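*Asks:* Supplied in structure tokens, the structure appears directly below.
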Amino acid sequence: MLTIKNFAKRYNGVLIVSLTEMRLLPGVYWIKGENGSGKTSFFKSLAGLLPHDGEITFDDSINLKSHPIEYRMRVNYGEAEPLYPGFLTAKDLIHFIGKAKGATSEQQNSLVKHFGIESFYTKACETYSSGMIKKLSLALAFLGNPKVIILDEPLITLDEQTRGLLFQLIQATVAKNVIFLISSHQLIENSTLEIIGTYKISNKEILAV
Amino acid sequence: MKTITSILTKVFVVEFYQHNASFFLLIGGLCFGFMSGVEHKALAQYFVSSPLLLTIPISCWTVYTWKVILFNRNVLQLHQNEFVFHLSLIKISSRALSIFVVIAEQLLPILMYATFLIIMALGGGMYSSVVYIVISIVALLILSTVILIRELNNPNQEKRVSWLKAYFDNHFKKTFYQFFVEWISRKDLTTLIGSKSFSCLILYAVLFLYKTDNYDARLLGLGVSIAFSANASLAFQFHQFENIHFFILRNLPLRLWKRLFYYTATFILLCLPEFSLLIRNFPSNLHFSTLLSSILFSISLLLIYYTLLYRHHIDMEKHMRFVFFIVMGSVIAILFSVPMGLLAGIYLITGIYLFRKYYYNFEFIAPVHSRK
């Protein structure tokens, strides 16, 4: 279980988003909110990419602030609009991030195959379409043995076939007791995903729906 | 036409001078800080005295023009500037004239110096030099105008990868310390070449020009402080690279020691030309330990310049102020015979302290146009 308590993200002292308490169990959670409501700031804070107030702790006391390495080993993040240095290839990024996250070569190869990255695996990112970049970022988000996978707008620029593959992989990963936090403007209720909780950001506060 | 020129000036010219403010500050400081008016005139007369010597300023102008061309190319790749491509719908004569004006504004520093050289040449009756200067300036203006027109006519060109890069990408794995070196070589080659040329020139000067029987280690220390501080802009770019183009790095479970090791390895790779110059030409009368402490000192300088950037979000100008104070402090300490090893120790400890304290709490404020 992941517990988030007294969370607040501010930019230059201005409150962007806050949360009193949230307890997350393995399964898929849908985080809703209008553009600019603070979803990405919340996700980036959770992924350890942005400083914030509050405590984020796993049930075995692994905490983002006091155990930064162990926490980052457990939390993966897939950006809404991923950006990678243009000269790097999918191979470079998967090897480097995979190594840091403790992913085996078998897992790396399986993700490459699953998302259909083989055809551009050794090509530089600067030659990719936005869909190809998205596929790469999704593959990177599954590397290692994460307990939490945060996917910010995972469906944008994805073709229908890859959406199906993504939902399939999410369900298989949930079975391994992984928490998914997903934001999407597209409707995911009608997908094959079983959503166990929905939250909405309203008036700078994250509330259960 | 006036409106078009005004918009293009905002997009290309204002951005260019803002982006290169530190570069112009450095050039201004070097030109007007050290040389008097009489020396400037003497240098100009020396340049115009023969066509061979004129190649020195013309080469500098060519490098500057190349910098302008690369800058304009980068501007056109930014998402928010896509509207500029609509310019191709306007009549070619108006378009060309507007672009020519914009290029002339960007090349203004070299146009001014060329005018100064022309006046000197006319004063000395060197009419052939006047012709060479005019031809080279016109050629540079036309070349950069044609290139910009061509790029505006061909938006969103397909990115091509050379067969050599494709071969390396296919057969080799890249390590983290190669990432930034390749990025800077592709994105800002002028900064890289400029920093390397300046630092190697300073090292060459302290290692060769003042070689005496009794070489003073303090001279080497002064040279190392200034030469490696010239790489501070690369440390700044490295920080930008990590926080804009490789933001996900912060999510990786890497120990702070490992991160510091990666940064050190990157700096060593970047400073290989300086290190080879230093090792190959190290003064024979100095002890081997001085060589080791000078290498350690140079790495510690780059690490402190880098880790300082995690304290607060600062721009290049503010960063250069910190660099200036550290260089001045180092120079004074070295003049008072403080050993380089001790300075290296102080900078390394401070750098590690700053990094440990601020890395996870640092928040980078990305410029609006940075993501592309």
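Just so you know, the protein sequences line up as chains A and B, in that order.
Position one of the first sequence corresponds to residue 491 (the working numbering), numbered consecutively onward.
Position one of the second sequence corresponds to residue 108 (the working numbering), numbered consecutively onward.
By construction, the Cβ of each residue, glycine as well, lies at the ideal position given by its N, Cα and C atoms.
Quick caveat, the model's predicted, so the values are computed rather than measured.
Consider the Cβ of Arg180(B): report whether some Cβ of chain A lies at a distance smaller than 7 Å.
*Replies:* No, its Cβ sits nowhere closer than 7 Å to a Cβ of chain A.
*Asks:* For Lys534(A), collect the residues of the same chain with a Cβ closer than 7 Å to its Cβ; drop the 5 residues on either side in sequence, then sort them by chain order.
*Replies:* Only Leu540 meet the Cβ criterion.
*Asks:* Is the number of C-beta pairs between the segment 593–608 of chain A and the segment 393–408 of chain B that are closer than 8 Å three or more?
*Replies:* Too few Cβ pairs lie closer than 8 Å, so no.
*Asks:* Quick one: using the 10 Å Cβ neighbour count with 16 as the cut-off for buried, is Lys603(A) buried or exposed?
*Replies:* Exposed, by the Cβ-count rule.
*Asks:* Taking only the alpha-carbon atoms, compute the straight-line gap between Met142(B) and His542(A) and give it to the nearest angstrom.
*Replies:* If you take the alpha carbons of Met142(B) and His542(A), they lie about 51 Å apart.
*Asks:* Beta carbon of Ser674(A), beta carbon of Leu645(A): below 7 Å?
*Replies:* Cβ atoms of Ser674(A) and Leu645(A): closer than 7 Å.
*Asks:* Roughly how far, in whole angstroms, is the beta-carbon of Ile506(A) from the beta-carbon of Arg500(A), given that I think they are within contact range, below 8 Å?
*Replies:* With a Cβ gap of about 6 Å, Ile506(A) and Arg500(A) count as contacting.
*Asks:* Report the neighbours of His352(B) on chain A: residues whose CB is nearer than 8 Å to its CB, in chain order.
*Replies:* The answer, in chain order, is Leu573, Tyr574 and Pro575.
*Asks:* Which whole-angstrom value describes the C-beta separation of Ala151(B) and Leu224(B), a residue pair presumed to lie in contact below a C-beta threshold of 8 Å?
*Replies:* Indeed, because the Cβ distance is near 5 Å, the residues count as touching under 8 Å.
*Asks:* For Met334(B), tell me which candidate among Trp290(B), Val145(B) and Pro380(B) has the shortest Cα-Cα distance.
*Replies:* According to the sequence provided, residue 334(B) is Ala. The question's Met does not apply to it. With distances taken between Cα atoms, Ala334(B) lies closest to Pro380(B).
*Asks:* For a cutoff of 7 Å on Cβ pairs, would you count Trp290(B) as touching chain A?
*Replies:* Yes, Trp290(B) counts as interfacial toward chain A.
*Asks:* Using a Cβ cut-off of 9 Å, which residues of the segment 375–408 of chain B contact any Cβ in chain A, in chain order?
*Replies:* Residues passing the 9 Å Cβ filter: none.
*Asks:* If Lys581(A) and Tyr611(A) are in contact, beta carbons under 8 Å, what's the gap, nearest whole angstrom?
*Replies:* Yes, they are in contact, since the Cβ atoms of Lys581(A) and Tyr611(A) sit about 5 Å apart, within 8 Å.
*Asks:* So the beta strand (DSSP E) Val438(B) belongs to, where does it begin and stop?
*Replies:* First-last for Val438(B): Met423 to Leu442, but that is the alpha helix (DSSP H), not the beta strand (DSSP E).
*Asks:* Give a yes or no on whether the minimum CB-CB distance between His675(A) and chain B is below 7 Å.
*Replies:* So, not an interface residue.
*Asks:* What's the gap between the Cα of Thr617(A) and the Cα of Gln184(B)?
*Replies:* If you take the alpha carbons of Thr617(A) and Gln184(B), they lie about 14 Å apart.
*Asks:* Give a yes or no on whether the minimum CB-CB distance between Ala614(A) and chain B is below 7 Å.
*Replies:* It does: the Cβ of Ala614(A) has a partner Cβ on chain B nearer than 7 Å.
*Asks:* Within 7 Å of any Cβ in chain B, is that where the Cβ of Asp549(A) sits?
*Replies:* Chain B, which has no Cβ nearer than 7 Å to the Cβ of Asp549(A), makes this no.
*Asks:* Here's the rule I'm using: 16 or more other beta-carbon atoms within 10 Å means buried, otherwise exposed. How should Lys464(B) be labelled?
*Replies:* Looking at its Cβ environment, which holds fewer than 16 other Cβ atoms inside 10 Å, Lys464(B) is exposed.
*Asks:* Between which two residues does the alpha helix (DSSP H) harbouring Gly526(A) extend?
*Replies:* From DSSP, Gly526(A) is part of no alpha helix (DSSP H); its letter is neither H nor E.
*Asks:* What residues of chain A sit near Lys280(B), judged by a beta carbon separation below 9 Å?
*Replies:* Within 9 Å Cβ-Cβ: Lys581, Asp582, His585 and Phe586.
*Asks:* Any beta carbon of chain A sitting closer than 7 Å to that of Ser477(B)?
*Replies:* With a pLDDT of 49 at Ser477(B), under the threshold of 50, the modelled position of this residue cannot be trusted; read the value that follows with caution. No - not a single Cβ of chain A is within 7 Å of the one on Ser477(B).
*Asks:* Which of the three DSSP states, helix, strand or coil, is assigned to Lys625(A)?
*Replies:* It is helical.
*Asks:* Mind listing the chain A neighbours of Leu359(B)? Cutoff is C-beta to C-beta under 8 Å, in chain order.
*Replies:* Simply Arg562, Ile587, Ala590 and Lys591.
*Asks:* Would you list, in chain order, the members of the segment 642–675 of chain A that have their beta-carbon closer than 7 Å to a beta-carbon of chain B?
*Replies:* If the cut-off is 7 Å between Cβ atoms, the segment 642–675 of chain A has nothing near chain B.
*Asks:* Using DSSP with H/G/I as helix, E/B as strand and the rest coil, what is Leu697(A)?
*Replies:* In the structure shown, Leu697(A) sits in a strand (DSSP, three-state: E or B).
*Asks:* Does the distance from the CB of Ala337(B) to the CB of Ser306(B) come in under 7 Å?
*Replies:* Cβ atoms of Ala337(B) and Ser306(B): closer than 7 Å.
*Asks:* Answer yes if the segment 561–579 of chain A comes into contact with the segment 353–360 of chain B, meaning at least three C-beta pairs across the two stretches below 8 Å, and no otherwise.
*Replies:* Contact between the segment 353–360 of chain B and the segment 561–579 of chain A is present, because at least three Cβ pairs lie under 8 Å.
*Asks:* Given Ile210(B), which residues of its chain have a CB within under 8 Å of its CB, disregarding the five upstream and five downstream residues?
*Replies:* Here the set comprises Val175, Leu248, Ser251, Thr252 and Leu255.
*Asks:* Which residue comes first and which comes last in the beta strand (DSSP E) that contains Asn544(A)?
*Replies:* This sequence places Gly at residue 544(A); Asn is not what is there. Gly544(A) -> beta strand (DSSP E) spans Asp543 to Phe548.
*Asks:* Just the chain B side, please: which residues come within less than 9 Å of Leu539(A) by C-beta, in chain order?
*Replies:* Those are Phe354, Ile355, Arg357 and Asn358, listed as they occur along chain B.
*Asks:* Among Ser692(A), Lys625(A) and Phe577(A), which residue has its Cα nearest to the Cα of Thr652(A)?
*Replies:* Out of Ser692(A), Lys625(A) and Phe577(A), Lys625(A) has the C-alpha closest to the C-alpha of Thr652(A).
*Asks:* Please report how far the alpha carbon of Ser477(B) lies from the alpha carbon of Tyr567(A), in whole angstroms.
*Replies:* Any reading at Ser477(B) must be qualified, since the residue scores a pLDDT of 49, below 50, and its modelled position is unreliable; the value itself is stated next. For Ser477(B) and Tyr567(A), the distance between alpha carbons rounds to 21 Å.
*Asks:* Does any C-beta atom of chain A lie closer than 7 Å to the C-beta of Glu470(B)?
*Replies:* For Glu470(B), the answer is yes, since a Cβ of chain A falls inside 7 Å of its Cβ.
*Asks:* If we cut at 7 Å on Cβ distances, does Arg362(B) have a partner in chain A?
*Replies:* Closer than 7 Å to some Cβ of chain A, the Cβ of Arg362(B) qualifies, so yes.
*Asks:* For Thr579(A) versus Ala614(A), is the C-beta spacing smaller than 7 Å?
*Replies:* It is a contact, given that the beta carbons lie within the stated cut-off.
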